[in-house]
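Note sheet for the following structure.
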Amino acid sequence: MMLPCHRVSDPTLRNRLRASLQLDEVDLCHFVEYIISDSTLCAAILSLDATDISLFMDVLQSGLSLTTQLRNKKRKFDRFVKDLMVETGILPRGLTITNARRVDKDPISGGGFADVWRGELWGKPVAMKVLRIFQGGKNDVETVRRKFCEEALIWQQLKHENILPFFGISENEFQPKLALVSPWMEGGTLIAYLRDHPGVNRHSLIYGIAGGLHYLHMLRPLVVHGDLRAANILIDEKCNPRITDFGLAKIIDSQASSVVATSFNGKGTMRWQAPELLMACRFEGESGGITVKSDVYAFACVCLEVFTGEVPFSNLRDGAVIMAVAVRDERPPRPPEPATTRGLDDSYWSLMESCWVTQPAERRSMDTVMVTLEQIQPQIRF
């Protein structure tokens, strides 16, 4: 749903929209559905001043997430908020942070759409993921900004001990760029932590990662991460793993959890991608989009990283990985020592194999993964 490009200034419509902010949750839900279906009323929202638009988005986000009977409409409203953010450049007040500051002259790392800076907020260290401004056309910039807004809207709803917390968006520190602000994780990435702490309890790390992914899949509407790998898992001060980077994540309606909302856009890393993502034409009924089953496949690859400290198929080039996984149905071989000493026994290897089987429908769910991990734990040696 895209908002109309024209704007209206009918004061009656503007007053109706302002009055809607006083409605209770159920009435507000019906009113918003009415607005979304009427292009004139959609345009009327654009004629409100920035304060009213921001307040209206706040109400949509907070007020419509509490009642069970309304949760099935949440995705529609989140999409409406995202369109408002992109069209107007205005953010919900609940998403914005004004006093986060960078502390270094240069970013510490960079990805496809953003750079990560070290910052400070409320006297504590934070990470600031800054959207890059491209020199392409208006459509390219809008696409990137829309993706950035989508990541923020998904991330801000997630509350779990194994998910990296989200503080909000900084508008002023990198103007005109936006920055996603989160706590600074002293342990760094999972791979860096394993390198610096070779004697760590690896089962505990895997169990925490599984718990975070299980939480995402149990949400209603559920969340598919879409880019799970060790580089997107950070370690906090208590040695707990925290899943981060929701740039490829998708919210899937619980009534159609097997239907992929959007086709996979190819920006993930292929070594962790399930065969149906690499070559969808081989799989009847698969659209090539991310699903909970492709997340489970990636989870098995992360387990391999935890035990070996290396990426999957570390001996192959990217193109060769596609041929191995999607054409020849190969999986990474069982690694030798020191993986066994680190805990990769027969039970763990069997679990990993059941998570990366070729057919998505035959893979484990994170429900059964959690049960198996609880059974495996007493057998692990450290």
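Numbering (UniProt numbering), first residue to last: 1 to 382. Using N, Cα and C, we set each Cβ at its ideal position, and we do this for glycine too. Computed from a predicted structure; not experimentally measured.
Give the range of the alpha helix (DSSP H) segment to which residue i is assigned.
| i | result |
| --- | --- |
| residue 304 | 292–308 |
| residue 346 | 346–355 |
| residue 318 | 318–322 |
| residue 367 | 366–376 |
| residue 213 | 202–218 |
| residue 43 | 39–46 |
| residue 278 | 275–278 |
With distance defined between alpha-carbon atoms, name the residue in the options nearest to residue i.
| i | options | result |
| --- | --- | --- |
| residue 302 | 281, 346 and 231 | 231 |
| residue 321 | 86, 272 and 185 | 272 |
| residue 314 | 270, 328 and 294 | 270 |
| residue 195 | 310, 180, 115 and 281 | 310 |
| residue 348 | 49, 375 and 47 | 375 |
| residue 29 | 284, 77, 174 and 106 | 77 |
| residue 48 | 87, 367 and 37 | 87 |
| residue 131 | 34, 176 and 278 | 176 |
| residue 184 | 143, 103 and 149 | 103 |
| residue 171 | 282, 319 and 92 | 92 |
| residue 149 | 304, 105 and 57 | 57 |
| residue 241 | 189, 222 and 197 | 189 |
| residue 127 | 226, 147, 341 and 173 | 173 |
| residue 342 | 353, 305, 147 and 358 | 305 |
| residue 300 | 363, 282, 328 and 46 | 363 |
| residue 284 | 226, 219 and 358 | 358 |
| residue 167 | 330, 191 and 129 | 129 |
Is it the case that the Cβ atoms of residue i and residue j are separated by a distance below 7 Å?
| i | j | result |
| --- | --- | --- |
| residue 250 | residue 292 | no |
| residue 414 | residue 212 | This structure does not reach residue 414, given that the chain is present from 1 up to 382, and the question cannot be answered. |
| residue 332 | residue 312 | yes |
| residue 274 | residue 294 | yes |
| residue 296 | residue 239 | no |
| residue 169 | residue 178 | yes |
| residue 80 | residue 154 | no |
| residue 97 | residue 181 | yes |
| residue 235 | residue 193 | yes |
| residue 228 | residue 298 | yes |
| residue 117 | residue 107 | yes |
| residue 145 | residue 120 | no |
| residue 214 | residue 323 | no |
| residue 366 | residue 217 | yes |
Once you ignore the five residues that flank residue i on each side, which residues in its own chain have a CB closer than 8 Å to its CB?
| i | result |
| --- | --- |
| residue 373 | 203, 206, 207, 210 and 351 |
| residue 122 | 99 |
| residue 368 | none |
| residue 409 | The requested residue 409 is not part of the displayed model; the chain covers only 1 to 382. |
| residue 318 | 270 and 271 |
| residue 316 | 324 |
| residue 54 | 90, 91, 92 and 93 |
Starting from residue i, follow the beta strand (DSSP E) in both directions and report where the run begins and ends.
| i | result |
| --- | --- |
| residue 131 | 124–131 |
| residue 121 | 114–121 |
| residue 234 | 233–235 |
| residue 90 | Taken as a continuous stretch (DSSP letters only), residue 90 belongs to no beta strand (DSSP E), as it is neither H nor E. |
| residue 241 | 241–243 |
| residue 222 | 222–224 |
In chain order, what residues of the same chain lie with their CB nearer than 7 Å to the CB of residue i, ignoring the 5 residues before and after it?
| i | result |
| --- | --- |
| residue 262 | Because residue 262 sits at a pLDDT of 32, beneath the cut-off of 50, its placement in the model cannot be relied upon, and the following sentence gives the value as read from the coordinates. Contacts found: 250 and 289. |
| residue 2 | In this prediction, residue 2 has a pLDDT of 49, which is less than 50 and means its spatial position is unreliable; nothing more can be read from the coordinates. |
| residue 165 | 182 and 183 |
| residue 264 | Summary for residue 264: the model assigns pLDDT 38, below 50, so the residue's position carries little reliability, and this model does not support an answer. |
| residue 152 | 95, 169 and 180 |
Residues in the same chain with beta-carbon distance under 6 Å from residue i, minus the five sequence neighbours each way, listed in chain order, please.
| i | result |
| --- | --- |
| residue 382 | With a pLDDT of 41 at residue 382, under the threshold of 50, the modelled position of that residue is not reliable, and the figure given next carries that caveat. Excluding positions up to five away in sequence, the list reads 201. |
| residue 163 | 212 and 243 |
| residue 308 | 335 and 339 |
| residue 60 | 77 and 81 |
| residue 259 | Below a pLDDT of 50, predicted positions are generally treated as unreliable, and residue 259, at 29, falls in that range; the measurement from the model is reported next regardless. Excluding sequence neighbours, residue 259 sits near nothing in its chain. |
| residue 279 | 326 |
| residue 255 | Only weak support exists for where residue 255 lies, its pLDDT of 35 falling under 50; the value from the coordinates is given anyway. Hits under 6 Å: none found. |
| residue 344 | 307 |
| residue 26 | none |
| residue 68 | Low confidence applies to residue 68: its pLDDT is 49, below 50, so where it sits in the model is not reliable, and the reading given next is rough at best. Correct list: empty, nothing qualifies. |
| residue 33 | none |
| residue 330 | 324 |
Within 6 Å: the Cβ of residue i and any heavy atom of the ligand MN?
| i | result |
| --- | --- |
| residue 174 | The ligand content of the structure shown is nil, which means the ligand MN is not present either. |
Just list the beta strand (DSSP E) runs in the stretch 134–199, keeping only unbroken ones of 3 residues or longer that don't cross its boundaries, in chain order. Fully enclosed beta strand (DSSP E) runs of 3 or longer: 168–170 and 179–183.
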